[in-house]
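Per the UniProt record's numbering, the very first residue in the sequence shown carries number 1; after that it's consecutive. Beneath this line is the structure, given in structure tokens, with notes to follow.
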Amino acid sequence: MWLPDWPIQAARFSGATGGGGPQAPIAVLSDATVAACSDAARRAGVRRGQGRRHAQAACPDLIVVDADPARDAREFEPVLDRIGDVAAGVEALRPGLVVLGVDGPAKYHGGEAKTVEMLLDAAALAGADCLVGIADDVTTAVLAARRGVQLPVGGGPEFLRGVSLAEVAAETALDFPAALGRAWVDLGLRTLGDVADLPARDVAGRFGAEGARWRKVAAGELERRVAPRTPPRDLAIVHRPEETLTRVDAAAFIARALAAKLHHRLREHGLACHRLAVTAEFTDGAELRRVWRCAGPLDEAATADRVRWQLDGWLTGRAIAAAEAAAGTIAQTAVEGEGDSAGPVDVVDDVVDDDAPDARGIAALTLEPLEVIVAGIERDALWGGADAASERAGRAAARVQGLLGPEAVRRPVDVGGRGPSERVAMVPVGEEAPPVTGRWPGALPAPNPAVTPGGSAAPRSPSARHPASKVGLYDAAGDTIAVTGRGTLTGVPAVLRWGGRDHEVTAWAGPWPVDERWWTPDDARRAARMHVAVDAPAGAGGRGPQAFLLIGHAGKWRIEGRYG
1 MWLPDWPIQA ARFSGATGGG GPQAPIAVLS DATVAACSDA ARRAGVRRGQ GRRHAQAACP
61 DLIVVDADPA RDAREFEPVL DRIGDVAAGV EALRPGLVVL GVDGPAKYHG GEAKTVEMLL
121 DAAALAGADC LVGIADDVTT AVLAARRGVQ LPVGGGPEFL RGVSLAEVAA ETALDFPAAL
181 GRAWVDLGLR TLGDVADLPA RDVAGRFGAE GARWRKVAAG ELERRVAPRT PPRDLAIVHR
241 PEETLTRVDA AAFIARALAA KLHHRLREHG LACHRLAVTA EFTDGAELRR VWRCAGPLDE
301 AATADRVRWQ LDGWLTGRAI AAAEAAAGTI AQTAVEGEGD SAGPVDVVDD VVDDDAPDAR
361 GIAALTLEPL EVIVAGIERD ALWGGADAAS ERAGRAAARV QGLLGPEAVR RPVDVGGRGP
421 SERVAMVPVG EEAPPVTGRW PGALPAPNPA VTPGGSAAPR SPSARHPASK VGLYDAAGDT
481 IAVTGRGTLT GVPAVLRWGG RDHEVTAWAG PWPVDERWWT PDDARRAARM HVAVDAPAGA
541 GGRGPQAFLL IGHAGKWRIE GRYG
């Protein structure tokens, strides 16, 4: 369900427009640009993205209101309540846009048409439109709602072929990458159908994970259902052992038993768990909590493993801390007693009380599912589709992790950064990748190098700490190429010397200065990157033409990545 121009309607209902009615030209501005505008304003020539002065020049009577997300949400809450009276499981994507499953309400209210009519009545507001779209998945339903189209079962892929990329980009709730959209438009792609016609492997190779995902969306292959079910309150498992848990082997036994009990309870409700909170209360009153989130639903063995890993870490860490504290107390007491003429001091009995409860022990353990889905509706598997090979790989990884710990099997993920060695981090298999934060201006453009020396362990500094990557860059006269303070080369690259061999430089680009974290001297880095293409000398046993990404400082260069 889509209520167009909701920021305008929210401003009007809250009185922020100064009495402007449904036919008044109104614009909501964010960062001095038009974020939303009314029909009257559009008829006068106002468009999203315009600057304030441009918009007011197009419509002198324009009523300008500052954007207020809190106001939008506050005014939308009563609408959500009324929709919730008609259908359960309402999910707000943003103020003005909601999705919900229609099958259940349709059975209850006597048909899909009757349900749509009741939903429209519930969302009715004076002067505000409401459009309904029905489709097999959330993304298609959102785009259908923007056209007021109700699709038959299986009609999503055909409908998506006619949806323009501009329509997709206009809906902020879909989080369509702007850079990806611009790249596709530059290539002559105009609709999702154009994108769906591209080979999936080529799209993934050229545009990465984002491109592959949106190519699936365009082809109607990536389905997302309506809101995961809220966990019932009685899903949490609480265990209070008769004796405090201080041993890792005892904790492992308890972990298996609690995992079995938790999954039995989940099966009773027809649920699977994606996010699990493990909470331990210690005898000294301390409470530790850790949340585990996994890409796929946790099974009983995976839950037991994660609980065991967590308890092992907590018990071991607190034991070490207690031992260090006791050693420090004993040493301090011994020092203080050296000058006491009364004789030797018995410090051990002052520190350790065998009859006191062990402060390191766990007095209570709680397993609480934080995010559940209906069993059988799984997200994308760890390595693509949920085929037999990926399932076998996942089971093998889980067995190794069960023997050696969660860090024993890791996978590379993109965490954002400017250079290739910064963009990749290793996370344990089964855990979700950390969110990519920051816009990273000046980042190396795609495609990334195919190989980075040392992987994630490659040094960040362009120093000689990575001997295998050290190279020399020289001009035709044999002089070392360096980068000046103005960011230019001291000569024209002619030879790349690597591993005792000289390679003729056939092409080069750059340099691009790198000046990062100058405000923190310990982490600051100044360097320059450049691309070079080389050809191995005849008869030298070289690999032939190659392309490298170099990073250098003070005339010293190293290979940061290799293409091909």
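Cβ coordinates follow ideal geometry from the N, Cα and C atoms, glycine included. Note that the coordinates shown come from a computational prediction; the quantities given were computed from them, not determined experimentally.
For residue i, which of the options has the nearest alpha-carbon?
i, options, result
"V102", "G18, R74, E112, A35", "E112"
"A41", "V514, Y474, A55, I134", "A55"
"D535", "A218, A255, R497, W314", "R497"
"R418", "W6, T480, D136, A527", "A527"
"M1", "L29, A141, E77", "A141"
"A252", "E268, E281, A286, A301", "A301"
"T484", "H553, D249, A36, L444", "H553"
"D502", "V28, G154, P493", "P493"
"P449", "A88, D475, L549", "L549"
"V415", "V400, A443, A11, E407", "A443"
"Q9", "A123, G270, P157, G162", "A123"
"A27", "D66, S14, G18", "D66"
"A236", "A260, P95, T17", "A260"
"A128", "D312, W6, G110, P406", "W6"
"G510", "T520, D523, A524, L489", "L489"
"K470", "A397, F159, G555, R410", "G555"
"R308", "D284, T279, G285", "T279"
"A304", "G270, W314, L245, L367", "L367"
"C273", "E371, W184, R201", "E371"
"L180", "A212, T316, P157", "A212"
"V514", "W440, G500, A533, Y474", "W440"
"residue 566", "E210, C37, V248, G193", "Nothing about residue 566 can be read from this structure; the chain reaches only from 1 to 564."
"V195", "A178, G162, D175", "G162"
"G482", "R525, G220, M530", "Looking at the sequence itself, residue 482 is Ala, so the reference to Gly does not match. That would be M530, whose Cα lies nearest to the Cα of A482."
"D234", "A257, A255, R265, P297", "R265"
"D39", "G220, L62, L258", "L62"
When we look at the beta-carbon of residue i and count the other beta-carbons within 10 Å, is it buried (16 or more) or exposed?
i, result
"L404", "exposed"
"G49", "exposed"
"V203", "buried"
"P369", "buried"
"E560", "buried"
"W518", "exposed"
"V153", "exposed"
"V238", "exposed"
"A24", "buried"
"D72", "buried"
"R12", "buried"
"H263", "buried"
"V291", "exposed"
"T520", "exposed"
DSSP has residue i in a bridge; who is on the other side?
i, result
"Y108", "In the DSSP output, where bridge partners are listed per residue, Y108 has none listed."
"I26", "I63"
"D68", "In the DSSP output, where bridge partners are listed per residue, D68 has none listed."
"K261", "In DSSP, K261 forms no bridge with anything."
"W314", "According to DSSP, which records beta bridges pairwise, W314 is partnered with nothing at all."
"C37", "A27"
"A527", "V514"
"L367", "I237, V278"
"C130", "DSSP output for C130 lists no bridge partner at all."
"A92", "V98"
"V291", "A277"
"G51", "T33"
"R267", "Its beta-bridge partners do not exist; DSSP assigns none."
"I362", "L245, F282"
"S164", "T191"
So, helix, strand or coil for residue i, using DSSP?
i, result
"I83", "helix"
"M426", "strand"
"I559", "strand"
"T520", "coil"
"I254", "helix"
"E431", "strand"
"R308", "helix"
"F13", "helix"
"W2", "strand"
"A554", "coil"
"E504", "strand"
"A272", "strand"
"residue 568", "Coverage of the chain is limited to positions 1 through 564, which leaves residue 568 absent and any answer about it impossible."
"G211", "helix"
"F76", "helix"
"D414", "strand"
"V46", "coil"
Under 8 Å from any heavy atom of the ligand ATP, does the C-beta of residue i make it?
i, result
"A44", "Absence of the ligand ATP is noted for the structure shown, with no ligands found whatsoever."
The region 168-179 in contact with the region 140-160 per 3-pair CB rule at 8 Å: In the pairwise beta carbon analysis, the region 168-179 is classified as touching the region 140-160: at least three pairs are separated by under 8 Å.
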